[in-house]
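Worksheet for the structure shown next.
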Amino acid sequence: MEQVNAPIGVFDSGYGGLTILKELESSLPNYDYLYLGDNARAPYGSRSFDTVYQYTLEAVKWLFEQGCPLVILACNTASAKALRNIQQKDLPGMEPYRRVLGVIRPTAEVAGNLTQSQHVGILGTTGTISSHSYMLEINKFFPSVKVTQEACPMWVPLVENNEYNKPGADYFVQQHIENLLQKDPDIDTLFLACTHYPLLLDKIRKYIPEGIRVFDQGKIVADSLMDYLARHPEMKNRLSANASRIFATTDHVAAFESQASAFYGKAINATRIDLV
Ligand code: DGL
Numbered sequence: 005m006e007q008v009n010a011p012i013g014v015f016d017s018g019y020g021g022l023t024i025l026k027e028l029e030s031s032l033p034n035y036d037y038l039y040l041g042d043n044a045r046a047p048y049g050s051r052s053f054d055t056v057y058q059y060t061l062e063a064v065k066w067l068f069e070q071g072c073p074l075v076i077l078a079c080n081t082a083s084a085k086a087l088r089n090i091q092q093k094d095l096p097g098m099e100p101y102r103r104v105l106g107v108i109r110p111t112a113e114v115a116g117n118l119t120q121s122q123h124v125g126i127l128g129t130t131g132t133i134s135s136h137s138y139m140l141e142i143n144k145f146f147p148s149v150k151v152t153q154e155a156c157p158m159w160v161p162l163v164e165n166n167e168y169n170k171p172g173a174d175y176f177v178q179q180h181i182e183n184l185l186q187k188d189p190d191i192d193t194l195f196l197a198c199t200h201y202p203l204l205l206d207k208i209r210k211y212i213p214e215g216i217r218v219f220d221q222g223k224i225v226a227d228s229l230m231d232y233l234a235r236h237p238e239m240k241n242r243l244s245a246n247a248s249r250i251f252a253t254t255d256h257v258a259a260f261e262s263q264a265s266a267f268y269g270k271a272i273n274a275t276r277i278d279l280v
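Here the sequence shown is numbered in the numbering used here, starting from 5 and rising by one per residue.
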């Protein structure tokens with residue numbers, strides 16, 4: 005079969021994955037990227053395992069149909085609840101070169117190198133936190149690191165509804181930071197384990213004591229993808245590289261275009277698509 009080169013697919017429940025795409029683009033600018041936000045069904049954070057799996061699989065299949073050989077789940081909730089199933093149950097029945105990667109493992113692989121106290125904190129959606137994926141993954145690489153987590157169910161709605169820099173957001177940000185640090189006062193490193201949370205970074209910094217470092221995942225995921233492509237020339241050779249970016253959403257195009265720049269840093273044009 006003739007090989008057709010195609011973009012890297014990047015998926016999120018909504019806008020959050022754009023914070024990852026921004027960093028992918030800055031580290032790997034030449035590749036083509038096709039971004040899909042399932043805004044019509046976001047947020048995923050409080051949905052059941054089965055629902056997140058089904059929605060994510062539909063999105064991955066759509067990106068594969070567009071030709072993408074590689075899809076990045078730029079969503080922690082989807083990475084926590086769907087990635088393993090897709091890799092183990094669905095990919096084996098598809099073309100053998102297709103790959104789906106998530107954002108949890110790249111973060112887990114570096115977490116233990118970034119903490120001095122060996123105490124890290126994870127802030128994420130209810131789905132990500134209840135899956136315990138971060139504890140399991142970090143402890144695989146760094147068994148002596150103590151991982152403490154806090155679910156922040158209001159943070160994605162605050163971000164998606166453009167309330168993240170308004171005074172009402174302070175209440176929810178402060179509450180969850182305090183809860184986390186009460187559970188483990190020795191935390192010196194915090195991970196924003198949700199791709200929407202970088203927009204809350206200014207508020208988060210306001211409530212964490214000096215000496216605690218906060219990391220979002222954009223750069224971590226970009227470094228990991230660079231490393232992956234260096235180790236997998238067969239995948240690298242399937243990717244098209246004309247520096248194009250295409251954006252698709254399952255909901256209103258105008259709303260997507262007006263919100264997207266806050267996450268992505270520049271204006272975009274989007275197309276509406278249906279997943280079912
Ligand atoms: N951006 C997604 C994540 O990283 C979650 C958003 C949602 O709840 O849909 O977890």
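In this text, a Cβ means the ideal position worked out from N, Cα and C, and glycines have one as well.
Residue i versus residue j: straight-line alpha-carbon distance, rounded
{"i": "N9", "j": "D36", "result": "10 angstroms"}
{"i": "Q70", "j": "Y39", "result": "11 angstroms"}
{"i": "L127", "j": "L279", "result": "29 angstroms"}
{"i": "A86", "j": "V14", "result": "15 angstroms"}
{"i": "N80", "j": "K210", "result": "24 angstroms"}
{"i": "T199", "j": "Q7", "result": "33 angstroms"}
{"i": "I142", "j": "I224", "result": "14 angstroms"}
{"i": "P73", "j": "M239", "result": "8 angstroms"}
{"i": "T23", "j": "G222", "result": "6 angstroms"}
{"i": "N241", "j": "W66", "result": "21 angstroms"}
{"i": "V114", "j": "Q122", "result": "12 angstroms"}
{"i": "Y346", "j": "A78", "result": "Because the chain is modelled from 5 through 280, residue 346 falls outside the range shown and cannot be assessed."}
{"i": "L61", "j": "K207", "result": "34 angstroms"}
{"i": "R103", "j": "I191", "result": "35 angstroms"}
{"i": "K144", "j": "D231", "result": "20 angstroms"}
{"i": "L243", "j": "E27", "result": "18 angstroms"}
{"i": "P33", "j": "Q178", "result": "36 angstroms"}
{"i": "W159", "j": "Y201", "result": "7 angstroms"}
{"i": "P147", "j": "R88", "result": "21 angstroms"}
{"i": "L233", "j": "F68", "result": "18 angstroms"}
{"i": "D227", "j": "A44", "result": "30 angstroms"}
{"i": "V218", "j": "S17", "result": "23 angstroms"}
{"i": "N166", "j": "Y175", "result": "16 angstroms"}
{"i": "P189", "j": "S248", "result": "45 angstroms"}
{"i": "A112", "j": "L162", "result": "26 angstroms"}
{"i": "I90", "j": "K150", "result": "29 angstroms"}
{"i": "P237", "j": "P100", "result": "15 angstroms"}
{"i": "A63", "j": "K187", "result": "36 angstroms"}
Contact test: residue i Cβ vs the ligand DGL heavy atom, cutoff 7 angstroms
{"i": "T60", "result": "no"}
{"i": "C79", "result": "yes"}
{"i": "V160", "result": "yes"}
{"i": "P110", "result": "no"}
{"i": "L125", "result": "The amino acid at residue 125 is misidentified as Leu; the sequence shows Gly. No, since every heavy atom of the ligand DGL falls outside the 7 angstroms radius drawn around the Cβ of G125."}
{"i": "P47", "result": "yes"}
{"i": "T253", "result": "no"}
{"i": "T129", "result": "yes"}
{"i": "G18", "result": "yes"}
{"i": "T119", "result": "no"}
{"i": "H200", "result": "yes"}
{"i": "T132", "result": "yes"}
Beta carbon of residue i nearer than 8 angstroms to that of residue j
{"i": "T130", "j": "G49", "result": "yes"}
{"i": "I108", "j": "Y138", "result": "yes"}
{"i": "L196", "j": "D220", "result": "yes"}
{"i": "A46", "j": "E164", "result": "yes"}
{"i": "I1", "j": "I133", "result": "The chain is shown only over 5 to 280; residue 1 falls outside these bounds and no answer can be derived."}
{"i": "Y19", "j": "A258", "result": "no"}
{"i": "E261", "j": "I272", "result": "yes"}
{"i": "T275", "j": "D42", "result": "no"}
{"i": "A266", "j": "L205", "result": "no"}
{"i": "L194", "j": "G125", "result": "yes"}
{"i": "S31", "j": "A84", "result": "no"}
Original post:
Can you list the alpha helix (DSSP H) stretches of 4 or more residues lying completely in the region 68-119, in chain order?
Top reply: When DSSP assignments are scanned along the region 68-119, the uninterrupted stretches of alpha helix (DSSP H) that are 4 or more residues long and fall wholly within it turn out to be 80-85, 108-118.
Original post:
Would the region 213-223 and the region 165-175 be scored as touching if the rule is three or more Cβ pairs under 8 angstroms?
Top reply: no
Subject >> Segment contact, 8 angstroms Cβ cut-off, at least three pairs: the region 94-102 with the region 152-161 >> reply: no
Original post:
Do the region 54-62 and the region 110-127 touch if we need at least three Cβ pairs shorter than 8 angstroms?
Top reply: no
Subject >> 3 or more residues per run - each beta strand (DSSP E) lying fully within the region 176-262 >> reply: 193-196, 217-219, 249-253
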